[in-house]
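A.B. asks: Residue numbers (our numbering), protein chains in the order written: chain A, 35 to 244; chain B, 35 to 244; chain C, 35 to 244; chain D, 35 to 244.
Every residue gets a Cβ at the ideal spot worked out from N, C-alpha and C, and that includes glycine.
There are 4 protein chains.
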Amino acid sequence: MPPQRKSPDATRRSQPTRAAILTAALELAGEVGYARLSIEGIAARAGAGKQTIYRWWPSKGAVLFDALLALSDDGSADDATADLPNTGDLAADLKMVLRATVDELTDPRLSDPMRALTVEVLADPELAQTWRTRLDEPMRAMKTRRLRAAQEAGDLAPDVDLAVAADLVWGPLQNKWLFGPEPLTHAYADAVVDTALAGLAQASRRRSDT
Amino acid sequence: MPPQRKSPDATRRSQPTRAAILTAALELAGEVGYARLSIEGIAARAGAGKQTIYRWWPSKGAVLFDALLALSDDGSADDATADLPNTGDLAADLKMVLRATVDELTDPRLSDPMRALTVEVLADPELAQTWRTRLDEPMRAMKTRRLRAAQEAGDLAPDVDLAVAADLVWGPLQNKWLFGPEPLTHAYADAVVDTALAGLAQASRRRSDT
Amino acid sequence: MPPQRKSPDATRRSQPTRAAILTAALELAGEVGYARLSIEGIAARAGAGKQTIYRWWPSKGAVLFDALLALSDDGSADDATADLPNTGDLAADLKMVLRATVDELTDPRLSDPMRALTVEVLADPELAQTWRTRLDEPMRAMKTRRLRAAQEAGDLAPDVDLAVAADLVWGPLQNKWLFGPEPLTHAYADAVVDTALAGLAQASRRRSDT
Amino acid sequence: MPPQRKSPDATRRSQPTRAAILTAALELAGEVGYARLSIEGIAARAGAGKQTIYRWWPSKGAVLFDALLALSDDGSADDATADLPNTGDLAADLKMVLRATVDELTDPRLSDPMRALTVEVLADPELAQTWRTRLDEPMRAMKTRRLRAAQEAGDLAPDVDLAVAADLVWGPLQNKWLFGPEPLTHAYADAVVDTALAGLAQASRRRSDT
DNA sequence: ATTTAAACGAGACGGTACGTCACGTCTTCTG
DNA sequence: CAGAAGACGTGACGTACCGTCTCGTTTAAAT
Numbered sequence: 035m036p037p038q039r040k041s042p043d044a045t046r047r048s049q050p051t052r053a054a055i056l057t058a059a060l061e062l063a064g065e066v067g068y069a070r071l072s073i074e075g076i077a078a079r080a081g082a083g084k085q086t087i088y089r090w091w092p093s094k095g096a097v098l099f100d101a102l103l104a105l106s107d108d109g110s111a112d113d114a115t116a117d118l119p120n121t122g123d124l125a126a127d128l129k130m131v132l133r134a135t136v137d138e139l140t141d142p143r144l145s146d147p148m149r150a151l152t153v154e155v156l157a158d159p160e161l162a163q164t165w166r167t168r169l170d171e172p173m174r175a176m177k178t179r180r181l182r183a184a185q186e187a188g189d190l191a192p193d194v195d196l197a198v199a200a201d202l203v204w205g206p207l208q209n210k211w212l213f214g215p216e217p218l219t220h221a222y223a224d225a226v227v228d229t230a231l232a233g234l235a236q237a238s239r240r241r242s243d244t
Numbered sequence: 035m036p037p038q039r040k041s042p043d044a045t046r047r048s049q050p051t052r053a054a055i056l057t058a059a060l061e062l063a064g065e066v067g068y069a070r071l072s073i074e075g076i077a078a079r080a081g082a083g084k085q086t087i088y089r090w091w092p093s094k095g096a097v098l099f100d101a102l103l104a105l106s107d108d109g110s111a112d113d114a115t116a117d118l119p120n121t122g123d124l125a126a127d128l129k130m131v132l133r134a135t136v137d138e139l140t141d142p143r144l145s146d147p148m149r150a151l152t153v154e155v156l157a158d159p160e161l162a163q164t165w166r167t168r169l170d171e172p173m174r175a176m177k178t179r180r181l182r183a184a185q186e187a188g189d190l191a192p193d194v195d196l197a198v199a200a201d202l203v204w205g206p207l208q209n210k211w212l213f214g215p216e217p218l219t220h221a222y223a224d225a226v227v228d229t230a231l232a233g234l235a236q237a238s239r240r241r242s243d244t
Numbered sequence: 035m036p037p038q039r040k041s042p043d044a045t046r047r048s049q050p051t052r053a054a055i056l057t058a059a060l061e062l063a064g065e066v067g068y069a070r071l072s073i074e075g076i077a078a079r080a081g082a083g084k085q086t087i088y089r090w091w092p093s094k095g096a097v098l099f100d101a102l103l104a105l106s107d108d109g110s111a112d113d114a115t116a117d118l119p120n121t122g123d124l125a126a127d128l129k130m131v132l133r134a135t136v137d138e139l140t141d142p143r144l145s146d147p148m149r150a151l152t153v154e155v156l157a158d159p160e161l162a163q164t165w166r167t168r169l170d171e172p173m174r175a176m177k178t179r180r181l182r183a184a185q186e187a188g189d190l191a192p193d194v195d196l197a198v199a200a201d202l203v204w205g206p207l208q209n210k211w212l213f214g215p216e217p218l219t220h221a222y223a224d225a226v227v228d229t230a231l232a233g234l235a236q237a238s239r240r241r242s243d244t
Numbered sequence: 035m036p037p038q039r040k041s042p043d044a045t046r047r048s049q050p051t052r053a054a055i056l057t058a059a060l061e062l063a064g065e066v067g068y069a070r071l072s073i074e075g076i077a078a079r080a081g082a083g084k085q086t087i088y089r090w091w092p093s094k095g096a097v098l099f100d101a102l103l104a105l106s107d108d109g110s111a112d113d114a115t116a117d118l119p120n121t122g123d124l125a126a127d128l129k130m131v132l133r134a135t136v137d138e139l140t141d142p143r144l145s146d147p148m149r150a151l152t153v154e155v156l157a158d159p160e161l162a163q164t165w166r167t168r169l170d171e172p173m174r175a176m177k178t179r180r181l182r183a184a185q186e187a188g189d190l191a192p193d194v195d196l197a198v199a200a201d202l203v204w205g206p207l208q209n210k211w212l213f214g215p216e217p218l219t220h221a222y223a224d225a226v227v228d229t230a231l232a233g234l235a236q237a238s239r240r241r242s243d244t
């Protein structure tokens, strides 16, 4: 396969500049909020030329995306192979994970740029694609792995679709974070896990009834 | 109480112009997508002056919001007092409602401007407030009423938090619509309802275990 | 004739802004010289938006052109109908006019922007056309009128082409101004007039010889 | 004297590259016109690095200058010692020279880059200095030599300032080339020579009158 | 023939200005 | 006086070049 015709030479890329841009993007996303964030502003804050940003990122959202990725990967192990905890107690494990998510989404340093990124993802299909392959799908795989383990251990009903199960557990949190007026709490995370596991229906009318 | 000093006199408002603006907003939101929608574009398409828009709406999102409201209210009864169907079969009722939602969110004529509005809501806290009081809260109330009826009828476990229950049922749909790559389906709606009602856990380890 | 489709409505044009732009252009042309003059700079200095400049002028040179025109028309009579002096003494009249030109081209306030405009005229064919019809041709007509009067009065040889004659008198000055290292002087103006009138050749070998 | 610290070593200069740059400059000046000519464009067209241009030339205009010089010096004798023709017939000689100039300035291959250079000369005082010492002054000297010979031969009036005389003959041509709408012609060259030699005034009122 | 220092191509970088688009405010004219 | 029309100051967009600055890679003079 021949190399891309006009792609920039990544080996010559200035790492200090890249870091400055990502930092600036993150800071500004938090400071001025989801909307007034501008490439011009990022470049100015980073002490970089606009062209340098356009050279390496296709859109404002892509910068933010990389900025958030860099924040997560910061010294930690590779996320691609990471796994959710499995202590044998599914409910406890899920609560732990969801509580950690709540903590992240409650910290404005992380939540504000994350929210900005989410807006960009909704508005930019190309960025959405990137977001799916590089963030969402790995996360879904990780969740599914844990749930499958639970299913094999007999903690999960064998006829449950794991994708739907994951949606049931993580969907409400995501929604409340995006649209809810009040902040996320550990209590809410716990309630979602308990309710999802137990189901809404009366014990006497379950599964077999449907 | 005397009228506000600066608020425009709504009695003089031109209804044809208002309709033209809302229609133009809807059309453009679908045509150019959630991003390139502009007030100038709406005004031009509607044959209206920009000032007319600024006089009556505080933001681009507010126009879109009204446009979608107008679309829903179109001749129908007042949504505030509407109720979800209650045939006595909770699962069937929920599936019906969710399938209807899927149909709406699958039709590009409705889905595209709705998506645009969602982006605006996420980016504009003021609009978010309006959206919550005028759309989300009434809807949540409606959902809660139906669920409470089910609880009272013994179809729902008595210890279930109705708010959490509603999140469990409607959250996954909303999420998949916003972020999922593939379109919503009736099958997915059904799966969500069934799984939420039955719960994820094995029958032998339910509720009492928590 | 129908009006231009998209031409701006000149009646709504802001005269204070127009004046500020022309003044700023003139000042900057003098200050930063023929080259570093930018539309952005003019707009900033004038406290105007760039779009306002682009709305009314097709190019940077056109702004400068108008600025210089405005400077000349400043309260004076209409140039279109003006005439060169005619006291009956052609040599004296020409010297007076050329000396006045020398004075203008020696004053940096006028000379610097004029030089900038000249550069633009050379580089922009469209501007060159405007410059010809609105400045050069009226001037040439004015010069030709005076020379024709001289010819009719018997001061100019009857077989002299008036266009060539005008070139002979005004061309050297223009050239020396543009390219010469030393500044223009009254003495040079006088020498050009005298030499052009008398001719280069020895008296004994004139006209009839050619 | 030790060599300059930072001056490049001319002996190592790549002649093929130099030629490619000059050719590219010439071509582009003709193709994209006096304005859109850029150093980046020249480098790209020449297959050279930008730094190579900046190493050897102080400005875009200097490149163009060298390019035109190289075009003229192409195998011919040294211009510095060249002389205008002197057949004894001043008028005929001048016409011959001016007609040759007209031919050059009419050929777009030469005229277009020359025009571009002229614009640069007007805008860049440093380049103007180079242009004067290396092109204009030698040319003026050449012209003056021929005119002085004529004066000594009695073909030119003894009181004529030779610098002014040269301006009178060559100035109009230069001007018409730069600013005139219609192209230069041999007829115009002839007319200028004849008129300059004979003078504008009636024979009966010449020289002695001033 | 080998070394070695430069010139070279390539192109990333911080900048400046370009010309365009949309913002939200304003003013003027029309129905 | 609401509404159309649209000029205005503002600010961001994405692009083109500027001139400087590394990077390896030739390449030609000095070993």
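Please state whether the Cβ-Cβ distance between B/M176 and B/L102 is less than 8 Å.
C.D. replies: No.
A.B. asks: Which of the three DSSP states, helix, strand or coil, is assigned to B/L118?
C.D. replies: In the structure shown, B/L118 sits in coil (DSSP, three-state: anything other than H, G, I, E or B).
A.B. asks: Can you pull the chain B neighbours of A/A199, defined as C-beta to C-beta under 9 Å?
C.D. replies: Near A/A199 (Cβ distances below 9 Å), the residues of chain B are T229, L234.
A.B. asks: Could you tell me which chain C residues have their CB closer than 8 Å to the CB of D/R46, listed as they occur along the chain?
C.D. replies: What D/R46 touches in chain C: nothing, since even the nearest Cβ is about 33 Å away.
A.B. asks: Mind listing the chain C neighbours of D/A225? Cutoff is C-beta to C-beta under 8 Å, in chain order.
C.D. replies: What D/A225 touches in chain C: D195, V198.
A.B. asks: Buried or exposed for B/T152, please, with buried defined as at least 16 other CB atoms from any protein chain shown within 10 angstroms of its CB.
C.D. replies: Counting Cβ neighbours within 10 Å, B/T152 comes out buried, since at least 16 surround it.
A.B. asks: Alpha helix (DSSP H) containing C/E65: first to last residue?
C.D. replies: 49–70 is the span of the alpha helix (DSSP H), which, as asked, contains C/E65.
A.B. asks: Between which residues of its own chain and D/E61 is the CB-CB distance below 8 Å, once the five residues before and five after are set aside?
C.D. replies: Same-chain partners within the cutoff: R79.
A.B. asks: Which complete alpha helix (DSSP H) runs does the stretch 158–208 of chain B hold, if anything under 4 residues is left out?
C.D. replies: For the stretch 158–208 of chain B, whole alpha helix (DSSP H) runs of length 4 or above, ordered along the chain, are 159–165, 171–186.
A.B. asks: Which partner residues of D/A235 appear in the DSSP bridge assignment?
C.D. replies: According to DSSP, D/A235 bridges with C/L190.
A.B. asks: Using a Cβ-Cβ distance under 8 Å, would A/L190 count as near chain B?
C.D. replies: For A/L190, the answer is yes, since a Cβ of chain B falls inside 8 Å of its Cβ.
A.B. asks: Could you tell me which chain B residues have their CB closer than 7 Å to the CB of A/P142, listed as they occur along the chain?
C.D. replies: Here the premise fails: no neighbours, minimum Cβ distance about 14 Å.
A.B. asks: Between which residues of its own chain and C/G75 is the CB-CB distance below 7 Å, once the five residues before and five after are set aside?
C.D. replies: Correct list, in chain order: L62.
A.B. asks: Could you check how far apart the C-beta atoms of C/P147 and C/L98 are, in whole angstroms? I think they sit under 8 Å.
C.D. replies: The Cβ separation is near 6 Å, so the contact holds.
A.B. asks: Taking Cβ positions, are B/A235 and A/L231 nearer each other than 8 Å?
C.D. replies: Closer than 8 Å, so yes.
A.B. asks: Going by alpha carbons, who is nearest to D/G83 out of D/Q163, D/D100, D/G214, D/T51?
C.D. replies: The shortest Cα separation from D/G83 among D/Q163, D/D100, D/G214, D/T51 belongs to D/T51.
A.B. asks: Expressed to the nearest angstrom, what Euclidean distance is found between the alpha-carbon atoms of C/F213 and D/V155?
C.D. replies: Rounded to the nearest angstrom, the two C-alpha atoms are 8 Å apart.
A.B. asks: Contact criterion: CB-CB distance below 8 Å. Does A/P206 meet it with respect to chain B?
C.D. replies: At least one chain B Cβ lies under 8 Å of A/P206.
A.B. asks: Please identify, using Cβ separations under 8 Å, the residues of the stretch 88–99 of chain B that lie next to chain A, in order along the chain.
C.D. replies: So nothing in the stretch comes that close.
A.B. asks: Helix, strand or coil, according to DSSP, for B/T140 in the structure here?
C.D. replies: Correct three-state label for B/T140: helix.
A.B. asks: Going by beta carbon distance, what residues of the same chain come within less than 6 Å of D/A59, once the five residues before and after it are set aside?
C.D. replies: I76, V97, L98, A101, listed in sequence order.
A.B. asks: Would you decide whether B/P206 is buried or exposed? Buried here means 16 or more other CB atoms lie within 10 Å of its CB.
C.D. replies: Counting Cβ neighbours within 10 Å, B/P206 comes out buried, since at least 16 surround it.
A.B. asks: Does the beta carbon of B/V153 sit closer than 8 Å to a beta carbon anywhere in chain A?
C.D. replies: Yes - at least one Cβ of chain A is within 8 Å of the one on B/V153.
A.B. asks: Do D/V66 and C/V226 have their beta-carbon atoms positioned less than 8 Å apart in this structure?
C.D. replies: Contact: no.
A.B. asks: When burial is assigned at 16 or more other CB atoms within 10 Å of the CB, is B/T229 buried or exposed?
C.D. replies: So B/T229 ends up on the buried side.
A.B. asks: Is it true that the CB of C/W211 sits closer than 8 Å to the CB of C/L139?
C.D. replies: Closer than 8 Å, so yes.
A.B. asks: Look at D/A150 and D/Y88 and say whether their C-beta atoms are less than 8 Å apart.
C.D. replies: Result no, Cβ atoms of D/A150 and D/Y88 do not sit closer than 8 Å.
A.B. asks: Quick one: which chain B residues come within Cβ less than 8 Å of A/D170?
C.D. replies: Residues of chain B passing the Cβ test: F213.
A.B. asks: Kindly indicate the opening and closing residues of the alpha helix (DSSP H) around D/L317.
C.D. replies: Because residue 317 of chain D is not part of the residues shown, which for chain D are 35 to 244, the question remains open.
A.B. asks: Report the rounded CA-to-CA distance for B/V136 versus B/L218, giving the unit in angstroms.
C.D. replies: Approximately 6 Å between the Cα atoms of the pair.
A.B. asks: Buried or exposed: where does D/T158 fall if 16 or more other Cβ atoms within 10 Å of its Cβ makes it buried?
C.D. replies: A small correction: the amino acid at residue 158 of chain D is Asp; Thr does not occupy that position in the sequence shown. The residue is buried, with at least 16 neighbouring Cβ atoms inside 10 Å.
A.B. asks: If we ignore side chains and look at the alpha-carbon of each, how far apart do C/R179 and C/I73 end up?
C.D. replies: Answer to the nearest angstrom: the Cα atoms are 39 Å apart.
A.B. asks: Compare the C-beta of D/M173 against all C-beta atoms of chain C and say whether one is closer than 8 Å.
C.D. replies: Judged by the 8 Å Cβ criterion, D/M173 is not in contact with chain C.
A.B. asks: By Cβ distance, which residues of its chain are closer than 8 Å to B/A44, with the 5 residues on each side in sequence left out?
C.D. replies: So the list is empty, once near-sequence residues are dropped.
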